[in-house]
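> Encoded as structure tokens, here's the structure I'll be asking about.
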Amino acid sequence: MSSSVYSDPGFNLASMLAMGEEERREVMHGAFERARDANPLLNAFITLLDEPRACSGPFAYIPYAVKDIVDTEGIRTTAGSRVLADNVPGEDAQVVRKLKSLGAAMVGKTNTHEFAFGPTNVNPWYGPARNPHDTERISGGSSGGSAVAVASGMSVFAIGTDTGGSVRIPAALCGVVGYKPTIGYINTGGVIPLSYSLDHVGFLTRSVQDAQILLDALLDTEGAALRLFPPDRRYTPGVEGCTLGVLEDYVEASDSHVRRAFERAVEALRASGATVRGVRLPHVDTQGLYGRIRGAEAAHFHSRYRDRSGMYSGEILAKLAPGMEERATEYVGAQMERIVLARQVDRLMDGIDAFISPTVPVEAPRIGEAGMEVHSRLNAFTHIFNLTGQPALSIPIGNGGGLPVGLQVAGRRGGDIPLLSLGISMEGAVMGKNER
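First residue of the sequence shown: 14, per our numbering; consecutive thereafter.
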């Protein structure tokens, strides 16, 4: 029988930063208790820590979760696979190192689609992460456990990764905020790769403001991305006066419940003073382009585990097979097509502050219905922004047919501050129109 375990604890990262130490300690212990109680049902975590690991700093005692493809010193990092079931890294990933230095308290390592190679988080080895709004439905993935942990009150925020939508998809299906920064803005060092040139580290949070706080705290100030895409530091003061480009192809391809929720959100944004106009993306087979790049890069990484091929699931072996056969000329050609696509999308943004669309075209499917056709639909609207490297948000806009729906908002490369500040205003506008 399905059940709802969604929990709004009434606080987020921003409010916790204003708390005193004793109050923070109470929240931290409450999150650990919640995780111990709820995880047997929700399966958000592959590894739960026995006790808080926190130290002094601005994030002291704030509980967070980490996707289990992100290295953690002395804590196993399985990548959701039997291949790495006993893998205990000797050092932390860069993003974890920063969070430790800030004093944040890790709750545990979250469930993921095997090797982050899929959007459902139905894991054959560790079990599916279950949607807190209906435990018979998928969380989305591949950062599903991270979304479940935040949506159910087991952590205040969570670290995920996003190669084709893996932060934004579960955020939309679980009713939380998911944020993928400009490519390279958060260091991916120590993250087990799916696709070297498409991987992003991202955040699952309870508000857009929390995502903004995390970007400020975790931005890789020494990385090449800041030189390639210099940050636009202008804040967007509100929705009024902004021009939003509706990605019409995506709206038309959405199921009716999702489309209705999106249309209500657009009405609310118009009522708040936004100009909304339709946009058509370039006629490019972005799914095929994305698949060729991801396939070749994943095959390269996984070639190191050829002697363990019997430990992979059939699903992942089937996904790796085409990349193993791909020629170098095909891969280079795909990367060149990607550059052309990014330029075309840049031109489309002339006179537009942000693109908007549904994040996912469907509500969360039932766990037993999450076949390959579902896979291709779940990331149909998200992977393009991994190809272009643009920052993108998923904001909850209430329910379609009783389950959460997300609004995807994408900005320019380097335009994370304008995007997030606009997202904060949009969040306020759509909350009044839709039930969360």
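Cβ atoms here follow ideal geometry from the backbone N, Cα and C, with glycine treated the same way.
Does the beta-carbon of cysteine 255 have 16 or more other beta-carbons within 10 angstroms, so that it is buried, or is it exposed?
To locate residue 255, count along the sequence shown from 1; it is residue 242. Classification for cysteine 255: buried.
> Should threonine 342 be labelled buried (16 or more other beta-carbon atoms within 10 Å of its own) or exposed?
Against the sequence shown, residue 342 aligns to sequence position 329. By the Cβ neighbour-count rule, threonine 342 is exposed, with fewer than 16 other Cβ atoms within 10 Å of its own.
> State the DSSP-derived secondary structure class of valine 52, mapped to helix, strand or coil.
Position 39 of the sequence shown, counting from 1, holds the residue named residue 52. Note that residue 52 corresponds to asparagine in the displayed sequence, not to valine. DSSP places asparagine 52 within a helical segment (H, G or I) once states are collapsed to three.
> Measuring straight from C-alpha to C-alpha, what distance separates glutamine 222 and aspartate 262?
Start at 1 with the first residue of the sequence shown, and residue 222 comes out as number 209. Start at 1 with the first residue of the sequence shown, and residue 262 comes out as number 249. Cα to Cα, glutamine 222 sits roughly 29 angstroms from aspartate 262.
> Can you tell me the Cα-Cα spacing of alanine 393 and valine 79, whole angstroms?
Along the sequence shown, one-based indexing puts residue 393 at 380. Along the sequence shown, one-based indexing puts residue 79 at 66. Cα to Cα, alanine 393 sits roughly 25 angstroms from valine 79.
> If we ignore side chains and look at the alpha-carbon of each, how far apart do alanine 312 and serine 220 end up?
Taking the first residue of the sequence shown as position 1, residue 312 is located at position 299. Taking the first residue of the sequence shown as position 1, residue 220 is located at position 207. Their Cα atoms are separated by approximately 36 angstroms.
> Which same chain residues end up closer than 6 angstroms to isoleucine 365 when comparing Cβ atoms and leaving out the 5 residues on each side of it in sequence?
Translated into positions along the sequence shown, residue 365 becomes position 352. Thr256 and Gly258.
> Among Pro65, Arg47 and Arg66, which one has its Cα closest to the Cα of alanine 57?
In the sequence shown, the residue the question calls residue 57 occupies position 44. From the listed residues Pro65, Arg47 and Arg66, the smallest Cα separation to alanine 57 is found for Arg47.
> Go through its chain and collect everything with a Cβ distance to methionine 444's Cβ below 7 angstroms, but skip five positions before and after it.
As a position in the sequence shown, residue 444 is number 431, starting the count at 1. For methionine 444, where only same-chain residues beyond five positions count, there are no Cβ hits under 7 angstroms.
> Which ranges does the alpha helix (DSSP H) cover as unbroken runs of at least 4 residues, wholly within the stretch 257-283, from first to last along the chain?
261-265
> Within a Cβ cutoff of 6 angstroms, which residues of the same chain sit near methionine 324, ignoring the five residues on either side of it in sequence?
What you label residue 324 is simply residue 311 of the sequence shown in a count that begins at 1. Correct list, in chain order: Arg95 and Val96.
> By the 10 Å Cβ neighbour count, where 16 or more other Cβ atoms means buried, how is serine 168 classified, buried or exposed?
Here residue 168 refers to the residue found at position 155 of the sequence shown. Buried: at least 16 other Cβ atoms inside 10 Å.
> If threonine 133 and valine 375 are in contact, beta carbons under 8 angstroms, what's the gap, nearest whole angstrom?
On the sequence shown, residue 133 is found 120 positions in, with the first residue counted as 1. On the sequence shown, residue 375 is found 362 positions in, with the first residue counted as 1. Contact flag wrong, Cβ pair sits at about 12 angstroms.
> What would DSSP say about histidine 126, mapped onto helix, strand or coil?
Indexing the sequence shown from 1 puts residue 126 at position 113. Note: histidine 126 maps to coil in three-state DSSP.
> Relative to the C-alpha of proline 7, which residue among Met41, Arg89 and His270 is closest?
The question about residue 7 has no answer, for the chain in this structure spans 14 to 449.
> Check whether the stretch 412-429 and the stretch 238-245 touch, using three or more Cβ-Cβ pairs below 8 angstroms as the test.
yes
> In chain order, what residues of the same chain lie with their CB nearer than 6 angstroms to the CB of serine 434, ignoring the 5 residues before and after it?
The sequence position of residue 434 within the sequence shown is 421, counting from 1. Taken in chain order, the residues that qualify are Tyr248 and Thr249.
> Between Ala106, Ser326 and Leu333, which has its C-alpha nearest leucine 231's C-alpha?
As a position in the sequence shown, residue 231 is number 218, starting the count at 1. Closest by alpha carbon: Ala106.
> Note down, in chain order, each residue of its chain lying with its Cβ closer than 6 angstroms to the Cβ of serine 12, except the 5 sequence neighbours on either side.
Given a span of 14 to 449 for the chain in the structure shown, any question on residue 12 remains unanswerable.
> Could you check whether glycine 153 and leucine 420 sit closer than 8 angstroms to each other, using their CB atoms as the reference points?
Start at 1 with the first residue of the sequence shown, and residue 420 comes out as number 407. Start at 1 with the first residue of the sequence shown, and residue 153 comes out as number 140. No.
> Run through the DSSP bridge pairs and tell me what arginine 450 is partnered with.
No information on residue 450 is available, as it lies outside the stretch 14 to 449 that the chain covers here.
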